[in-house]
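The next block holds one structure in the form of structure tokens; read it before the comments.
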Amino acid sequence: MKKIWMPAIVALMLVSAVFSVTSCSSGTTGAQGPAGPAGLSISSASVNAGGHLIITMSNGQTIDAGSVVGPTGASTGSVGDSFAGVIALVEPKIVRIDCTVAGGLDSGSGTIIDARGYILTNAHVVAGATAIKVTLKDGTILAATTVAADTVQDMAIIKLTSTRTDFPVMTLGTMSDFTVGDEVVAGGFPLGTQLPGPATFSQGMVSAMRTYDNANWIQIDVPINPGNSGGCLFTQSGRMIGIPSAGIDPGQDFEMINLAIPINLITAYISANVPK
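If you count by mature numbering (1 follows the signal peptide of the UniProt record, and there is no 0), then the sequence shown holds residues -23 to -1, 1 to 253, one letter each, in order.
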């Protein structure tokens, strides 16, 4: 949450700073520089598409105050901007997965990682499935089959039963795209069929890089619920960095300690299991 508001704070500080400098410059005493027009003040300030703070003075003059940069060095885009634009780009690439299993229906989430309809999810999402149905953002429901599943790493690849080769594909990141303290978002379908409709997106922070239960994880404080498994953890720039997969036993006295499979393991798994 802190990073979302940081750009606005930085912008406000810069506006105040420029206002102070302008006020001094427009004074009539002391060795403060050339006198400016009397009553000169700031009319407006905004951040353009390139992340630069643009200040408009009362005389119509515009000043480029430079780049407004968030804590991780990423351009903030606009004052008070959030993940909304990024989520709009990512959402079509996240799908709901419903599996027919002995005794009923299991649901989870997945991410399209190839335009031919290959989807990445958790192995436990599709374990024991006798039939798999995938719901796309536009409501289209397609059958799918399991291509590969690794119960140790808890990753699986499924393939949509379709001849399409233009499915929207999630951009994969790298381990250098994030660090502890960065804001991230998890997208998926919590509660599966019990919560019909669009994907849900939850924001949080990278809390640690953790070795737990003999595996490497990204520890996050993003809220994760049943059905989120297999979904997408992504950065401010819309790059996938993990699969939300597990959490510390909720029966213990812990809150918001959730785990995601890191992108370095994901990319290796995709390379080994998705045909070129």
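Note that beta-carbon positions come from the ideal geometry of N, C-alpha and C, so glycine has one too.
*Would you decide whether Asp75 is buried or exposed? Buried here means 16 or more other CB atoms lie within 10 Å of its CB.*
buried
_Between Ala237 and Ser222, how many whole angstroms is the CB-CB distance? I'm expecting something under 8 Å._
6 Å
*List the DSSP bridge partners of Lys136.*
Tyr95 and Thr122
_Touch test, the stretch 66 to 75 against the stretch 137 to 153, Cβ-Cβ under 8 Å, three pairs minimum_ = yes
*Would you check if the distance between the CB atom of Met152 and the CB atom of Asn235 is smaller than 9 Å?*
no
*Counting only the same chain and skipping the five closest in sequence on each side, list residues whose C-beta sits under 7 Å from that of Gly215.*
Val63, Leu66, Val67 and Thr148
_So if DSSP puts Glu160 in a beta bridge, which residue, or which two residues, is it bridged to?_
Met182
*Can you tell me which of the three DSSP states Gly85 falls into?*
strand
*Look at the alpha carbon of Gly207 and the alpha carbon of Gln38, and state the distance between them as a whole number of angstroms.*
52 Å
*Taking just the CA atoms, how far does Leu210 sit from Met186?*
14 Å
*Whole angstroms is fine: what's the gap from Thr138's alpha carbon to Gly116's?*
16 Å
*asked:* Give me the residue from Leu113, Ile195 and Gln213 with the minimum Cα distance to Ile220.
replied: Ile195
_Checking 9 Å against the spacing of the C-beta atoms, do Lys136 and Arg73 come in under that value?_
no
_Can you tell me whether Ser179 is buried or exposed? The criterion is at least 16 other CB atoms within 10 Å of its CB, across all chains shown._
buried
*Taking Gly150 as the reference, give the member of Thr212, Ile197 and Lys70 with the closest Cα.*
Thr212
*Just the Cα atoms here: how many angstroms apart are Gly85 and Ala249?*
23 Å
_Asn205 versus Thr177: straight-line alpha-carbon distance, rounded_ = 9 Å
*Whole angstroms is fine: what's the gap from Thr112's alpha carbon to Ala192's?*
31 Å
*Using three-state DSSP, classify Asp143 as helix, strand or coil.*
coil
*Which partner residues does Ala236 have in the DSSP bridge list?*
The displayed chain sequence assigns Leu, not Ala, to residue 236. Beta-bridge pairing links Leu236 to Gln196 and Ala223.
*If we call anything under 9 Å between Cβ atoms a contact, is Pro200 one with Lys114?*
no
*Could you tell me whether the Cβ atoms of Ala61 and Val103 are closer together than 9 Å?*
no
_When Tyr189, Ser184, Ile218 and Pro167 are compared against Pro203, the one with the closest alpha-carbon_ = Pro167
*Distance, Cα to Cα, Thr140 vs Pro239?*
31 Å
_So, at 8 Å on beta carbons, what are the nonlocal neighbours of Lys253 in its own chain, with the 5 sequence-adjacent residues on each side left out?_
none
_Taking the alpha-carbon of Val129 as reference, which of Val157, Ala100 and Phe155 has the nearest alpha-carbon?_
Ala100
*Among Ala108, Val78, Gly105 and Thr123, which residue has its Cα nearest to the Cα of Leu97?*
Thr123
*So, helix, strand or coil for Val111, using DSSP?*
strand
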